[in-house]
Each structure stands twice: as C-alpha cells, then as structure tokens.
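Visitor:
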Amino acid sequence: MSAQRYPLEEYFYPGNASCPGCGATMALRWVLKALGKKSIMVVPACCTSVFMGLYPKSAIGIPVLNIAFAAAAAAASGIVAALKARGKDATVLVWAGDGGTVDIGIQALSGAAERQTDFIYICYDNEAYMNTGIQRSGATPYGAITTTTPILGKREHKKNMPRIMIAHDIPYVATATSGYPHDLFRKVKKAKEKRGATRYIHILAPCPPGWRFDSKLTVKISRLAVRTGMWVLYEVEDGKFRLTGPSKALLDPEKRLPVEEYLKLQGRFSHLTREDIEEIQRWVDRQWELISKMVSKE
Amino acid sequence: MKIVVKNYEWMKEIPPTPLSRPGPGSMGMTGRWRAERPVINYEKCKKCGMCWTYCPENAIVFSKDEGPRINYNYCKGCLVCVEECPYDAIKVEREVVEWEK
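These protein sequence lines are chains C and V, in that order.
My numbering puts the first residue of the first sequence at 171, with every later residue one more than the last.
My numbering puts the first residue of the second sequence at 40, with every later residue one more than the last.
Here it is, written out as structure tokens:
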C-alpha cells in the first residue's frame, strides 16, 4: 500500500523538542527522506534550530550548520564553493522559517538566486515568528492574532514569496504543505535533480500553539488550506507553470470551499467579523485570478 | 605550556567541541509530555501506513510485515494518527500516572 512505495530510512529522530503535532517536523521528515544521506543542511535561527534538541545530541541525521538569521543563503553559498574546491558532491539544503526567508533572510537569498548558486532553499511557513513567541511576520495572513497584533489582528495581507522567487528566473519553484507529504516528497526529489542553480520550495506548516488549534488537527487544517484556496499547490519548472495535486481542480471558484471552513478551526481568527472574512475571500479570489492568468499563458 | 587533562573518563560521553551527534532522545524521554495515549487495535489495522506517514515525531516504526508500532518512550500524544487512520484502528486512552508514596 501507499507507505510501502516510500523509503523507510529515517534521518529525523524521535525525542526532539518540537511541540506535539508540529507541521514543520512532519514536512522535515519527508524532505530528509527525499534528499537522502548525502546532503548538508544550513539552518538559520528558527524553530528547527531549537527542536533539534540539546547538546550533545541532535535530532537530525545529516550534517547541520546553525547560522545567524540573515546569513542562511550566504552560508550555503560558502558551503557550495567549498564543496566545489574540494571536488566533493553533496546536496546543500537551506531549511529556514518564514521570518528568516520573507523578512530577514530575503537579501541573502535574492543575491544567491541571482548568482545561480547551486542549492535548494526550503522555507517552511508557519505564518509568524513562532519560536520567539508568535510575533507578526511578512507571511502572517490578514486578520491573524499574534502577540504584536493582539487586538484587531494583522491588517495587511500575506507577502507572496514564491512569486518573488519566480521573478528570479530560477529553474524550479514549488509550493507544498505538510498535509500532502507525498506531493512534497515528489517536489523535493525533482528539485534535487535540477542541479546548477538555486531551487526554491515554500511549505505551509500549520503550528498548533501559534494558530491556536488542537494538535490532532494539523493535517486537517493543512488540507483545508488547499481546498479553500488559501494555499495553492503548484510548481514552476524551467518557466512552465503547473498546478499540482488537489489544486488542479480548484480553478473554478464553485469548487473551492468557502474560506470560513478554514478560518473557524483556528483560534487566531476567532475574533474576525463578517467584513474581515469577506475581505479574506476577496483576497483568495484575487490570488486565483492571477493563477488562472499564469495557467492560460501556456 | 602543556595542558594536562586529568580524569577525563567522564568526558568520553561528551565531545570536546560544541558538536552534537545525531540520535533519538535529544530532548530526553518526550513520552512524559503525553496526556493521552494512542493505542493501535491490530485486528482492525490494515498496515496501510497512514499513521506512520503523518507522525510528526517519527515515533511510529513501520515494517512491511508487522505493520506500525508506536514507540511510547517518545510519542508526545498529539493524536494526529488517531485523526488520520482511515480504518478507525487507533483508540485514545487516558494516560495514568502512578505517584510514589
């Protein structure tokens, strides 16, 4: 059955410091499965640098370099150069949170992508600075309560990071979510094979304490984000745009679930008024109009 | 000047540089965080591996012949497996702690 088609080797060990029901570890496990043993990981300050655990043990079975917030892509460029100088071959992966990608790390990432540096950059997006105590980030959606937007919630919409990366003309950009690990596995495999330039994958990773929902609903919320159209699964391979997985059927607005289905399960959206929900629905429809233009360009 | 390190037997456990080695239990027995325990009913289990696929902690060991097995030393009790099991084969039990008298 389905589990038996995927590798059983694990490079992510139990007994780490992540919260119960963490969406990021769910994704990281499958990313490491797809990359395999011959890879090096660079982690800036984010949840992952904490949930790897305490010295002298680590929960990740491949070499990891922990680095400062803004320097993840720069450090990875250095590793790529060192591997080239030594004549060794390994996949370099940057695993950064949304704060380290969308806000703080964007200049290093943009520079590395422009220089066509050979590494995979994966941003796991839990839509706030969860590790330091749920502060608002550029990736936080409209209306979400965080500790720095405590009463009305954030009044601006989410920054669309994958579209910024598509504008860099890199060979592979994809979006994924932890609720569809097999889709994620396939995308990471594809990114691993495209050598020679930067590849970017953006993963939506639900966060039970930050989004305020029961830990057992992680997968359900992740799937609802896709089915309501709040999160779109697609890949851009050598400039060719393609919707993947359940998002393929959602171009027709009739087939998308109302965003309320997704919002009502989460405590961070519990204060929203009818107008706020309508505003979010309008934003989703606007996003899909852009998507339909990108699809029809083919 | 020559530095002599005496009595270094205890240091063999800990590497001398700030280098962590991979292994389970980097945060100790995280099973103690659990309030409710998932229990697999092997009569209903069809060995599809969905619990193993979605376990965020990697606390479910899956083998093709024996099916899934939960490692209670590390399972944090998030109950994602209970929610995702397509055959309703995983039940929830309240965790009981016996206090020393």
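We put the beta carbon where it would ideally sit given N, CA and C, even for glycine.
For clarity, every value in this text was computed on a predicted model and none was experimentally measured.
Would you mind telling me which residues of chain V sit closer than 8 Å to phenylalanine 383 of chain C, beta carbon to beta carbon, in chain order?
Guide: The contacting residues do not exist; phenylalanine 383 of chain C stays about 11 Å from chain V at best.
Visitor: Along chain C, which residues have their Cβ under 7 Å away from the Cβ of lysine 115 of chain V?
Guide: Residues of chain C passing the Cβ test: Pro190.
Visitor: Excluding the 5 residues flanking glycine 308 of chain C on each side, which residues of the same chain have their C-beta closer than 6 Å to its C-beta?
Guide: For glycine 308 of chain C, where only same-chain residues beyond five positions count, the Cβ hits under 6 Å are Val272, Asp273, Lys329.
Visitor: Classify methionine 68 of chain V as buried or exposed, calling it buried when 16 or more other Cβ atoms lie within 10 Å of its own Cβ.
Guide: Result: exposed.
Visitor: Provide the residue span of the beta strand (DSSP E) that contains lysine 130 of chain V, from first to last.
Guide: Run containing lysine 130 of chain V: 129–133, per the beta strand (DSSP E) assignment.
Visitor: Compute the beta-carbon to beta-carbon distance between isoleucine 321 of chain C and isoleucine 373 of chain C, rounded to the nearest angstrom, for a pair I have assumed lies under 8 Å.
Guide: The pair is not a contact, with the Cβ atoms about 30 Å apart (cut-off 8 Å).
Visitor: Determine which residues share a DSSP beta bridge with phenylalanine 182 of chain C and list them.
Guide: In DSSP, phenylalanine 182 of chain C forms a bridge with C/Ile230.
Visitor: Give the residues of chain V in contact with glycine 206 of chain C, contact being defined as C-beta atoms less than 9 Å apart.
Guide: Result: empty, since nearest Cβ-Cβ is about 15 Å, beyond 9 Å.
Visitor: For proline 125 of chain V, which residues in chain C fall below 7 Å Cβ to Cβ?
Guide: Those do not exist, as proline 125 of chain V stays about 10 Å from chain C at its closest Cβ, beyond 7 Å.
Visitor: Spatial neighbours of valine 119 of chain V within its chain, please: CB distance less than 6 Å, with the 5 preceding and 5 following residues excluded, ordered by chain position.
Guide: Answer for valine 119 of chain V: Tyr93, listed in chain order.
Visitor: Between glutamate 407 of chain C and cysteine 124 of chain V, what straight-line distance do the alpha-carbon atoms span, to the nearest angstrom?
Guide: Looking at the two C-alpha atoms, the distance is approximately 34 Å.
Visitor: Consider the C-beta atom of tyrosine 225 of chain C and the heavy atoms of the ligand GDP; say whether any pair is separated by less than 7 Å.
Guide: As far as ligands go, the structure on display features none, and thus does not contain the ligand GDP.
Visitor: In the segment 413–444 of chain C, which residue ranges form an unbroken alpha helix (DSSP H) of at least 4 residues, counting only runs that do not cross its ends?
Guide: Entirely contained in the segment 413–444 of chain C, the alpha helix (DSSP H) runs reaching 4 residues are, in chain order, 430–433.
Visitor: Take alanine 241 of chain C as the anchor and find which of C/Asp339, C/Phe221, C/Gly409, C/Ala278 has the nearest alpha-carbon.
Guide: For the residues C/Asp339, C/Phe221, C/Gly409, C/Ala278, the minimum Cα distance to alanine 241 of chain C belongs to C/Ala278.
Visitor: Taking only beta-carbon atoms, is alanine 98 of chain V less than 8 Å away from chain C?
Guide: True, the Cβ-Cβ gap to chain C drops below 8 Å.
Visitor: Consider the Cβ of leucine 460 of chain C: report whether some Cβ of chain V lies at a distance smaller than 8 Å.
Guide: Leucine 460 of chain C does not count as touching chain V.
Visitor: Would you please state the rounded distance, in angstroms, between the beta carbons of lysine 115 of chain V and proline 190 of chain C? I believe it to be under 8 Å.
Guide: Their Cβ separation, rounded to whole angstroms, is 4 Å, which keeps lysine 115 of chain V and proline 190 of chain C in contact under 8 Å.
Visitor: Three or more C-beta pairs closer than 8 Å, one from the segment 395–410 of chain C and one from the segment 322–341 of chain C: is that the case here?
Guide: Judged by Cβ distances under 8 Å, the segment 395–410 of chain C makes contact with the segment 322–341 of chain C, as three or more pairs qualify.
Visitor: Do you know whose CA, among C/Gly275, C/Met196, C/Val262, lies nearest cysteine 216 of chain C's CA?
Guide: Cα-wise, what sits closest to cysteine 216 of chain C is C/Gly275.
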